[in-house]
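Heads up, the thing below is written out as structure tokens.
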Amino acid sequence: MARAKAKSNKIEERTPGDITMSVICYIVFFLCGLICIYPFYYIFINSISANDLSARGVILFWPQGVHLQNFVSALQIDGLGQSAYISVMRTVIGTICTVSASAFLGFMFTQEKMWHRKLWYRMVVATMYFNAGIIPWFLTMRNLGLTNNFWGYILPAIVSPFFIILTKTFVESVPKELQEAAEIDGAGILKIFFRIMLPVIKPIMATVAIFSAVNQWNAFQDTLLLVTDKKLYPLQFILYQYLNQASSLAGQSNSGGGTGSLAGLATSQTPTSIRMTITILVVIPIMLVYPIFQRYFVKGIMIGAVKG
Amino acid sequence: MKAVQKNTVQKNKKKWDSIKLFLFILPFIILVLIFSYYPLYGWIYAFFDYKPPKPFSWDDFVGLKWFASLVESDVKIQQIGQVLLNTFVMSAITLGTSWLPMIFAVFMNELHSVPFRKVIQTVTTLPNFISWVMVYSIAFSMFNSTGMMNTLLTNLGVISEPILFLNQSGPGVWLTQWLWLTWKNLGWASIMYIAAISGIDNEMYEAAKVDGATRMKMIWYITIPSLLPTFFVLLMINIANFLNNGMEQYYVFQNAFNKENIQVLDLYVYNTAMGAGSYSVSVAISMLKSLVSLVLLFFANGASKLIRGESFL
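This is the structure:
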């Protein structure tokens, strides 16, 4: 739709003002794009460059002394494999739970016959705008035994008002006759949901899945509050700890392994190389899924815009 | 008689059906109650002397002591005042620049090369999908003493000693944090407007073209007025969230140098509880914050109803 629109907007550049505007637009947006993508590129070329060079910060535009030792070494870092496992598990399990719940609830909240439907729906949506605060939440989680517990990552995220609004709005756009016909044939509500509705609402489920997966993959705050057991740290948290150590060192000097005259330094690990390599490892999954699912984001936000 | 009986049977069946529908969602309602409503009960800690690991006891009731303690001394008032100032200024900057995504979308729509526009849209949306930890990692890599910025400035001969950008202190921190927030969010926030632009009736542009309007004029008289309703709703939501800056961004960026200017309410609540161990005080602040937010929410919703005849709740 957006594409068709811009094409029809393509008028002959009539005045010098119009041309100037075009030129400025292209330059400004090119710079915006550069500002957004260069940091990723910068970290990437540093993670594959000679470590003594990257520690001195001389790699700016092109990689030098390319090697992949950093990625091999990173995988051998104690605890990193475990935290990668936690990150993947919480993303997979969390996403499955959230998507199923959102699809089901989004559908159920359209059932006008439900006892006090509006009340329950409002009750769920209200949590989007109002909450008790993180400390009461933390104390509750502790009382429930969900601190230092993998399920502390999953359970609170299952019912998510924003995703329910998205699915509900989508279900409402599905012709009512579909369900009515199935009801006349004597199908129960579950059968209608699984057989009729699920195939129709797949697009919105994809949107919810991707949002939810990104949320789980990026989650940091819940670990910070709930988890002290190293075995349950996701990648984000491990990276944060590395950064924290690095920043406390960085204040003192820039000596961190930067004496590049010795041989062998090119592939031996420095704080900089570990930091950059982990960053790349954490960003890569996002980079990979992101372009594929971008159209779903846009669609999702458009549906959300109907009732924000 | 029989008809009446049949009627009640039918009524009962209807009632049972509607309750059955509810029973299906009951497990989820229970989850919401546990994770979103039960924590409200935790507010009572604000009225008790609760110091873990000592277990909570009903005998430790202290009334409004913790609320009073927030304003008991000049030092305390000054500290809270600074936190409020940080929150207000950062939220105000965000509110004051909430038109940026709209302008961004409007001018992005003026890029006629479709591949170029797609690439720019993809690239500028990307930062939204990485976590604040990642953003900090990027900030650290680019701006530490051996980072790209210092190397570049040294090579250009602008500086001879590296500048420690991340150890910035003073009010400049507000601006820096806003810049990072904008870097992360601008592209994503503009998607809503891009969607809205694609919904504008093309005939208006055609008509304007016939009348000889320049592109600037079409933007000013057609595109922007069409986007104002969307802008307004988002502005109201921003107002409702005035006190909710979140803590993740500020938590990862905080250090000994910028602490004074980076502590917003959410971070202060966290630091008070988890850093200093004063759970009760922290809950008291959090409670006040939630109540004020609720007032703001109703205000924003009311304003939305009044001006647009539509509420967003």
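Residue numbers (the numbering used here), protein chains in the order written: chain A, 1 to 308; chain B, 1001 to 1313.
Cβ coordinates follow ideal geometry from the N, Cα and C atoms, glycine included.
Keep in mind the model is a prediction, meaning the values are calculated, not measured.
Counting C-beta neighbours from all protein chains within 10 Å, is the total for residue i 16 or more, i.e. buried, or is it exposed?
i, result
"Arg122 (chain A)", "exposed"
"Asn1012 (chain B)", "exposed"
"Met1216 (chain B)", "exposed"
"Ser253 (chain A)", "Unreliable placement is indicated for Ser253 (chain A), whose pLDDT of 36 sits below 50; no coordinate value is reported for it."
"Val282 (chain A)", "buried"
"Ala181 (chain A)", "exposed"
"Asn1086 (chain B)", "buried"
"Asn1155 (chain B)", "exposed"
"Leu1234 (chain B)", "buried"
"Gln1010 (chain B)", "exposed"
"Gln245 (chain A)", "exposed"
"Gln1005 (chain B)", "exposed"
"Pro1055 (chain B)", "exposed"
"Ser261 (chain A)", "Note that Ser261 (chain A) scores 41 on pLDDT, short of 50, meaning its location in the model is unreliable and no value can be drawn from it."
"Asn1301 (chain B)", "buried"
"Lys328 (chain A)", "Residue 328 (chain A) cannot be examined here, being either before or after the span of chain A that is shown, 1 to 308."
"Phe29 (chain A)", "buried"
Would you please state the rounded distance, in angstroms, between the beta carbons of residue i and residue j? I believe it to be under 8 Å.
i, j, result
"Thr270 (chain A)", "Asn46 (chain A)", "Not a contact, Cβ separation roughly 11 Å."
"Ile280 (chain A)", "Phe44 (chain A)", "6 Å"
"Thr1230 (chain B)", "Ala1189 (chain B)", "Wrong, their Cβ atoms sit about 11 Å apart, outside the cutoff."
"Leu1126 (chain B)", "Tyr290 (chain A)", "6 Å"
"Lys1076 (chain B)", "Leu1084 (chain B)", "About 12 Å separates the two Cβ atoms, so there is no contact after all."
"Leu1040 (chain B)", "Ala126 (chain A)", "No, Leu1040 (chain B) and Ala126 (chain A) are not in contact; Cβ-Cβ is about 12 Å, not under 8 Å."
"Thr1223 (chain B)", "Ile1200 (chain B)", "7 Å"
"Gly152 (chain A)", "Asp222 (chain A)", "7 Å"
"Met1287 (chain B)", "Ala1046 (chain B)", "5 Å"
"Trp1180 (chain B)", "Gln1249 (chain B)", "7 Å"
"Gly106 (chain A)", "Val66 (chain A)", "Going by Cβ atoms, the distance from Gly106 (chain A) to Val66 (chain A) rounds to 48 Å, so no, they are not a contact pair."
"Val1269 (chain B)", "Ile135 (chain A)", "6 Å"
Is the Cβ-Cβ distance between residue i and residue j less than 8 Å?
i, j, result
"Ser1293 (chain B)", "Ser1304 (chain B)", "no"
"Val1032 (chain B)", "Val174 (chain A)", "no"
"Gly1042 (chain B)", "Val1295 (chain B)", "no"
"Asn1255 (chain B)", "Asn1167 (chain B)", "yes"
"Val99 (chain A)", "Ser273 (chain A)", "no"
"Ile154 (chain A)", "Trp217 (chain A)", "no"
"Val1210 (chain B)", "Phe220 (chain A)", "no"
"Met1218 (chain B)", "Ala1207 (chain B)", "no"
"Ser979 (chain B)", "Asn1245 (chain B)", "Here chain B covers residues 1001 to 1313 and nothing more, so residue 979 (chain B) does not appear."
"Thr1146 (chain B)", "Ala55 (chain A)", "yes"
"Gly70 (chain A)", "Thr277 (chain A)", "Strictly speaking, residue 70 (chain A) in this sequence is Asn, with Gly absent from that position. For Asn70 (chain A) and Thr277 (chain A), yes; Cβs fall inside 8 Å."
"Ser83 (chain A)", "Tyr233 (chain A)", "yes"
"Ser1018 (chain B)", "Lys113 (chain A)", "yes"
"Cys36 (chain A)", "Thr1124 (chain B)", "yes"
"Pro39 (chain A)", "Met1142 (chain B)", "yes"
"Ala101 (chain A)", "Phe1232 (chain B)", "no"
At 9 Å on the CB atoms, spell out the chain B contacts of residue i, in chain order.
i, result
"Pro101 (chain A)", "The residue you asked about is not Pro; residue 101 (chain A) is Ala in the sequence shown. Within chain B, the residues near Ala101 (chain A) are Phe1028 and Leu1031."
Which residues of chain A have a Cβ atom closer than 7 Å to the Cβ of residue i, listed in chain order?
i, result
"Asp1017 (chain B)", "Lys113"
"Phe1143 (chain B)", "Within 7 Å Cβ-Cβ: nothing; Phe1143 (chain B) doesn't reach chain A, min ~10 Å."
"Arg1215 (chain B)", "Asp18 and Met21"
"Ile1025 (chain B)", "Leu105, Met108 and Trp120"
"Leu1306 (chain B)", "Simply none; closest approach about 17 Å."
Can you pull the chain A neighbours of residue i, defined as C-beta to C-beta under 8 Å?
i, result
"Tyr1038 (chain B)", "Thr140"
Strictly below 8 Å CB to CB, what residues from chain B border residue i?
i, result
"Pro234 (chain A)", "What Pro234 (chain A) touches in chain B: nothing, since even the nearest Cβ is about 10 Å away."
"Leu365 (chain A)", "Shown here, chain A extends from 1 to 308; a query on residue 365 (chain A) therefore has no answer."
Listing by chain order, which chain A residues have their CB less than 9 Å from the CB of residue i?
i, result
"Ala1240 (chain B)", "Tyr129"
"Met1287 (chain B)", "Ala132, Gly133 and Pro136"
"Thr1124 (chain B)", "Phe29, Cys32, Gly33, Ile35, Cys36 and Ile37"
Along chain B, which residues have their Cβ under 7 Å away from the Cβ of residue i?
i, result
"Trp151 (chain A)", "Per Cβ cutoff of 7 Å: no residues; Trp151 (chain A) is ~12 Å from chain B at best."
"Pro39 (chain A)", "Ile1138 and Met1142"
Exercise for the section: Run through the region 1257-1286 of chain B for me and flag every whole alpha helix (DSSP H) of 4 or more residues, listed as ranges in chain order. Expected result: As far as the region 1257-1286 of chain B is concerned, its whole alpha helix (DSSP H) runs of at least 4 residues are 1259-1262 and 1265-1270.
Self-check item: Residue ranges of each alpha helix (DSSP H) within the region 195-252 of chain A, 4 or longer
Solution: Counting only runs of 4+ residues, the alpha helix (DSSP H) found wholly inside the region 195-252 of chain A occupies 202-218, 221-226 and 235-250, in chain order.
For the region 47-102 of chain A, list the alpha helix (DSSP H) runs that are entirely contained and at least 4 residues long, ordered along the chain. Within the region 47-102 of chain A, the complete alpha helix (DSSP H) runs of at least 4 residues are 51-56 and 69-76.
My parser needs the beta strand (DSSP E) runs of 3 or more residues fully inside the region 119-184 of chain A; what are they? Correct list: empty.
Check: What are the complete alpha helix (DSSP H) segments, minimum 4 residues, inside the region 1139-1178 of chain B?
Finding: The region 1139-1178 of chain B contains these whole alpha helix (DSSP H) runs: 1148-1155.
| said: Quick check for students: name the residue ranges of the alpha helix (DSSP H) that lie wholly in the region 1059-1145 of chain B, counting only runs of 4 or more. | reply: As far as the region 1059-1145 of chain B is concerned, its whole alpha helix (DSSP H) runs of at least 4 residues are 1065-1069, 1074-1096, 1100-1108, 1114-1125 and 1132-1143.
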